Every structure is written in structure tokens, then in C-alpha cells.
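In UniProt numbering, the protein residues as written are 1 to 529. Glycine included, every Cβ here is placed at the ideal spot set by N, Cα and C. None of the values given here were measured: they were computed from a predicted structure. First the structure, in the form of C-alpha cells, and then the observations on it.
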């Protein structure tokens, strides 16, 4: 069964995510469109259902929906699963669902229904008028004299638009079915489907927050930002020192600092040469523009009634097939340098909103302190502990295994210090002489992060080589040294590139390094053997 739904909620789904979206008291499903076994699409106007009457189409839909033997298909199925689970107050096991969007992204297609339709040149294309219809029926409207002061548009307010909305929902099912037909020769594998099922369970479960800490952090952030703004006004005498154009003009013309922009890295660099008021203002700017602190606002936006945040990961969100962070971005949390004792003190005082007492005990600026505490806002439920894991140097391990770069495999099979070992190989020094903080270790680290997959000087820059104190003139030398130390990896790159090109040109299968390159239905496929 292929499904698409249209919904209403006063919660903004772009801000809060689907799990909090469905918790709004006014959440409801407006339209359900579905097709069974590739048949014509039926639409159910949920606003017209009456408990006293029998609705054959709705009953047919429910029978199929709750039949575990019927596979449910939808584009971005997490939305349909979550909304239908809320509507029926029932579990929607991911094992019974298939996400057409996942299969599209697996094939290098966009994650938007409209864009996939365009990319595949489908006969049935998504109706572009749908965005206006969604804005009209699916979100609150502003009260005006013209609309009689109402805050929501209902079907009776514009029956023509309502019929267009129903037709739009039907068209979405038709487009989703067309995508499924176009990609049927490249189905999601059984293993990948299991990973998606797990992904849905992870997103459904979410993670618990310390509500007190989150609320206290948001209050401290508000007070701190107000104080920093007062400082900025006092230093610059500007009407709005938060204005990038005003502040740049003040720094350039009144302070003689030729800073080109106010990006974090630029401000940090110019702080080294700034003096007087310019230096004071740049220090304030770094504090007032900390992005990590914004995570507390996002936590507040996304937190469900049980004090958990959900929907934090996007399956196949990256083109390589990796998960991508969503919302609070759990994969991108600031590391903390404060001691456990200091963190505990800060947590307790912020939860109690004793900010004046906190400033007497800890000298850390409020914005830095809040940044340090982001990780600690995620907690285990009572009686449990959080176990945190990560893939250690995963890119470096995989490339070494594929290319059979033996010295690297030996490192991972023993002490695992790949940054030090890489520097030792690159510069011909004993690994024992390279310690944490050593400039050679920094060069080994950034080389490992940037160069394993054909990266060059540009990749080193992107990984922050210049911020580590490495001169731009040294970058090509690092590239050359790393490649010389890893000849098997360099050969692996060429072998894969040659196999791919030769397969496309000859339409014949090629093998290298445990990989099979072949053409299937006009697409180049690479299979791990």
C-alpha cells in the first residue's frame, strides 16, 4: 500500500520536528490518499468522516494499515508512521514500512519528492501549487479583518482550494508510486532495510533531557546576551552592534582594523593583532555569536511532553550513506575542558537559576560555560546510565584495509596511535619522539583527516591546517609526504578510478581490491565482495 497524508498542527514542524508536531492538541490528519497493489488512488477526506456512518474507503485503508503482511510505502515514511501512530494511538512497526526516499538517496537522487520526480523525468510530477495549499490549510493563519479574525482556514472557507488539496495529496501518491516503479530494479537490500528499521526505533525512542538545566541555560543565555549587548554598545556607541555592516564599518573606519568579515575564524585571527576597543569588541563578538549555545533553544523547540527529544538522525542523510544529524545535532557537540567537579557545580547552580552565586564560584564567561554544558543536558532515565560510543578513526581504518597498507593495519592491531604513526612515517622520526601537542603530531593528524581519499592542499585547508599554525607553503609538502608514506593507498585510488572508467566505457565488469564494478540498467554499480 502506497500512502500520503496531509495534516494540520499549530506546532511548526520545521522548528520542532514531527514528534512534537503531532503532540499539539489541535493536530489532526486532514486527508489520506492511498493505493493498494498499484491500483487507482483513493482519497479520504478525514474532515467529513462521521462515526455514525460506514466509510468503505476508510475501512479498507485501516484493514490494510493494521495488517502486518501488507507493506506500507511512503516518501519520507517517518512522517506518515509518526502521524498515523498518533492518530490511531497505535504502534506503527517500521518493519511493516518501506521508505521510497531512502531508496532514492541510495541511488544518488535528491531527498525531495519534487526533485526526484524532476531527476527521473517522470510523467507524473509533484504539483508545485501544493506549497500554497499547505500554507493555507496545514498551518495557522494570521487573523485579519478580511478573514473575520480566524486563526485557521477550514475546508468550508475555500471549497475550491480544498478540492485542489485533495487532488494534490492524490498526485503525491502517484509520484511516489512512479518513483518506486522507476527504481524497482534497485531495491533496498534486506540488510539496509534492517538498518532503517533500527534507525526508526532510535528516532522514536529519542533521548531524555534535563529540563531544569535546559530551561536554566536558556535563561542564563538570555541574560548573558543582554549584558554582552550592553557592553558592545558601551564600547562602540553603535545603535546596533549586532549589525554586521555597522560593526564592520566601525572596526574598519574608526578603529583602523581591516577585518574583512565577522566569521568566527576571521575574528579569532584578527584578535591576535587587535588592540584597545577593537580587541574588546572582538572578544565580545566571539561570546555573543556562539552557535553551540543555540542548541538549548533547539532542545526547547523539540522537547516532547515526556522530556525527550526525538527525530535526531536522518538515515542516509549523507551521500556516502551515513546518518546525518537533525535538530539538536547530536553528532556535533562541543567538547568540554572543565573538570567533572566544575561541571557538577555549574549544572546545579544553573538548574536552580542561581546565576549570581555561580559567577562568584566560577570565572568562566557565561557563554563559554553554557557551551561546555551542552553535552551534560542529555541524561539517562532514572536507574540507567548513558553509554557513549564512536567509530575510532573509521576512515583511516577502512582505507588501510581496502588498500592493504600493512604498516597502518599494524598500528590499528596494536597501539592504535595513527596520528603519531603517520607523522613518524611521513617525517622519518621515531614514533616515541612524537607526543601530544607536538607540531609533528598536528601535521600527522590533519593529514590523516584530509588526505586519505585523494585530498590535496584544499582538503588540508578545509580541515583547519592553517588554524593549527601550518603555513600555506607547507601544504603541498604534507600531501607529497603522506602519499609517499602510503603507496598502496595511492595505488588503490588509481585502481578504483581506472576500474570505474573502464567499466563505463566497455560496459564490462571489472574487479579490483575486493570490489566489483559493473553496469546495471545504465548505472555504474560498485559491490563489496
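Candidates 436, 133, 174 and 180, of which the one nearest residue 159 by Cα: 133
Residue 34 beta carbon near the ligand FMN (any heavy atom closer than 8 Å): The ligand FMN is absent from the structure shown, which contains no ligands of any kind.
Segment contact, 8 Å Cβ cut-off, at least three pairs: the segment 2–20 with the segment 62–76: yes
Buried/exposed call for residue 90, threshold 16 Cβ in 10 Å: exposed
Rounded separation between residue 28 and residue 316 - CA only: 29 Å
Three-state secondary structure assigned by DSSP to residue 379: strand
Three-state class that DSSP yields for residue 97 in the structure shown: strand
6 Å Cβ shell around residue 26 - same chain, five flanking residues per side excluded: 10
Inter-stretch contact (C-beta, 8 Å, three-pair minimum) for the segment 357–374 and the segment 322–336: yes
Beta-bridge pairing of residue 8 - partner residues as DSSP gives them: 28
Contact between the segment 44–59 and the segment 99–110 (3+ Cβ pairs under 8 Å): no
Opening and closing residue of the beta strand (DSSP E) in which residue 516 lies: 515–520
C-alpha gap between residue 258 and residue 252, whole angstroms: 5 Å
Whole alpha helix (DSSP H) elements within the segment 394–434, 4-residue minimum: 394–403, 406–413 and 418–427
Nearest to residue 81 (by Cα), restricted to the options 56, 19, 105 and 221: 19
Rounded separation between residue 147 and residue 13 - CA only: 24 Å
Proximity winner among 300, 293, 326 and 387, relative to residue 365 (alpha-carbon distances): 293
Extent of the continuous alpha helix (DSSP H) to which residue 320 belongs: Here residue 320 belongs to no alpha helix (DSSP H), and DSSP marks it neither H nor E.
Presumed contact (8 Å Cβ cut-off) between residue 380 and residue 208, rounded CB distance: 7 Å
Which listed residue (377, 342 and 375) has its alpha carbon closest to that of residue 360: 342
Beta bridge counterpart(s) of residue 325 as assigned by DSSP: 313
Extent of the continuous beta strand (DSSP E) to which residue 525 belongs: 523–528
For residue 259, the three-state DSSP class (helix, strand or coil): coil
Selection from 220, 190, 461 and 228 that minimises the alpha carbon distance to residue 475: 461
The segment 261–269 / the segment 390–408 touching (three or more Cβ pairs under 8 Å): no
Rounded straight-line distance, which links the Cα of residue 435 to that of residue 516: 41 Å
Residue 129 vs residue 164 beta-carbon contact at 9 Å: yes
Burial state of residue 236 (16 or more Cβ within 10 Å): buried
Reduced DSSP secondary structure (H/G/I, E/B, other) of residue 288: helix
Option nearest residue 170 by Cα separation, candidates 441, 6, 63 and 451: 6
Beta-carbon contacts of residue 459 that lie in its chain and below 7 Å, excluding the five residues immediately before and after: 450 and 451
DSSP three-state assignment for residue 128, whether helix, strand or coil: coil
Enclosing beta strand (DSSP E) for residue 352 [first to last residue]: Segment: none, residue 352 is in no beta strand (DSSP E) and carries neither H nor E.
Whether residue 277 touches residue 255 by CB criterion (9 Å): yes
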